[in-house]
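In terms of the numbering used here, the sequence shown has 43 at position 52, counting the first letter as 1, and numbering is strictly consecutive.
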Amino acid sequence: MVTKPIPPGQAHPVSDTLRPAQTPPVADGHIPERVRVGGKFLFVGEEKFYVRGITYGPFRPEADGCEFHNPQTVERDFALMAANHINTVRTYTVPPIWLLDLAQKYNLRLFVGLPWEQHVTFLDDPRRVRDLEQRIRSAVRSLAKHPAMLAYSIGNEIPSPIVRWYGHRRIEKFLKRIYWAAKDEDPEGLMTYVNYPSTEYLELPFLDFVSFNVYLESQNKLQG
-8 MVTKPIPPGQ
2 AHPVSDTLRP
12 AQTPPVADGH
22 IPERVRVGGK
32 FLFVGEEKFY
42 VRGITYGPFR
52 PEADGCEFHN
62 PQTVERDFAL
72 MAANHINTVR
82 TYTVPPIWLL
92 DLAQKYNLRL
102 FVGLPWEQHV
112 TFLDDPRRVR
122 DLEQRIRSAV
132 RSLAKHPAML
142 AYSIGNEIPS
152 PIVRWYGHRR
162 IEKFLKRIYW
172 AAKDEDPEGL
182 MTYVNYPSTE
192 YLELPFLDFV
202 SFNVYLESQN
212 KLQG
């Protein structure tokens, strides 16, 4: 699994790290319906949906600007993911529709990050805030209602110094604003914000489900 940018031509796709299962599932391209929240569980229809996920990217853009290699490489990777019983793929940027089509072919669901400049003082300029909202709307609109969509991440780890600078209430208010903007574009889409332990105090009850990045290599912090 590649989790950091590397130069074009030197990328190591998932197919280099996953080995085919002995009895891979058939890629029938049938995803019956979208995932919904029911209490503390995710459901597809009346059956609970347990996420067995993997991150995919980010990759350095190719010469044509694509951040996801090419359809041939992605299909090979997705086939091996499905063969290893993975059912969810997390991306940190907005993928092209052909990638979602391939995910559907292999019965995979996409957890898509909506990137924006959260590592700067983004609330200082009202024009920037409006632009962020419009970009989020546009990104969600481009993927809305695709059957391979599992959820959107409206943000990922706003740095704790930024949260302290503005105060948690302003950050919570902003995240609520972009949540509803995204929800307006895809009412059935699940929306979350991916938090992390340094800002776990953010109160975001409007989210469809809670997400945290947990770093398993930091055992002391994980146990704490």
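Note that beta-carbon positions come from the ideal geometry of N, C-alpha and C, so glycine has one too.
query: Counting pairs of Cβ atoms below 8 Å between the region 61 to 68 and the region 109 to 125, do you hit three or more?
result: Flag = no, the region 61 to 68 and the region 109 to 125 do not touch.
Classification of PHE203 by the beta-carbon crowding that lies within 10 angstroms, buried from 16 upward: Under this definition PHE203 is an exposed residue.
field: Residues near LEU93 in its chain [Cβ-Cβ closer than 6 Å; skip 5 each side]
entry: Here the set comprises VAL65, GLU66 and PHE69.
- prompt: So SER144 and GLY104 are in contact, right, with Cβ under 8 Å, and what is the actual spacing, rounded?
  reply: For SER144 against GLY104, the beta-carbon gap comes to about 4 Å, under 8 Å, which counts as contact.
Among ASN147, TYR47 and GLY56, nearest to LEU71 - alpha-carbon criterion: Taking LEU71 as reference, the option from ASN147, TYR47 and GLY56 with the minimal CA-CA separation is TYR47.
task: Evaluate contact between the region 75 to 82 and the region 126 to 133, counting only Cβ atoms and requiring at least three cross-stretch pairs below 8 Å.
output: No: the two stretches stay apart, fewer than three of their Cβ pairs being nearer than 8 Å.
Spatial distance of ALA54 from PRO87 (CA atoms): Going from the Cα of ALA54 to the Cα of PRO87 covers about 16 Å.
- prompt: Given VAL26, which residues of its chain have a CB within under 8 Å of its CB, disregarding the five upstream and five downstream residues?
  reply: Taking VAL26 as the centre and dropping the five residues before and after it, the same chain places the C-beta of LEU33, PHE34, VAL35, PHE40, ARG100, LEU141, ALA142 and LEU181 closer than 8 Å to its C-beta, in chain order.
message: Just to confirm the assignment, what range does the beta strand (DSSP E) spanning VAL201 have?
response: That residue, VAL201, is in no beta strand (DSSP E); it is neither H nor E in DSSP.
task: List the residues that DSSP assigns as beta-bridge partners of PHE34.
output: According to DSSP, PHE34 bridges with ARG27 and LYS39.
field: For THR183, the residue or residues it bridges with in DSSP
entry: DSSP lists SER144 as partners of THR183.
message: Which residues does DSSP list as the beta-bridge partners of VAL80?
response: Paired residues: ILE45 and LEU101.
task: Could you pull out every residue in the same chain whose Cβ sits closer than 7 Å to the Cβ of GLU24, ignoring the five residues on either side in sequence?
output: The residues VAL35 and GLY36, in chain order, have a CB closer than 7 Å to that of GLU24 in the same chain once the five nearest residues on each side in sequence are set aside.
- prompt: Using DSSP with H/G/I as helix, E/B as strand and the rest coil, what is LYS174?
  reply: Here LYS174 carries a helix assignment [DSSP, helix/strand/coil].
query: Who are the Cβ neighbours of ASP199 in its own chain at under 8 Å, not counting the five residues just before and after it?
result: For ASP199, where only same-chain residues beyond five positions count, the Cβ hits under 8 Å are VAL28, ALA142, LEU181, MET182 and THR183.
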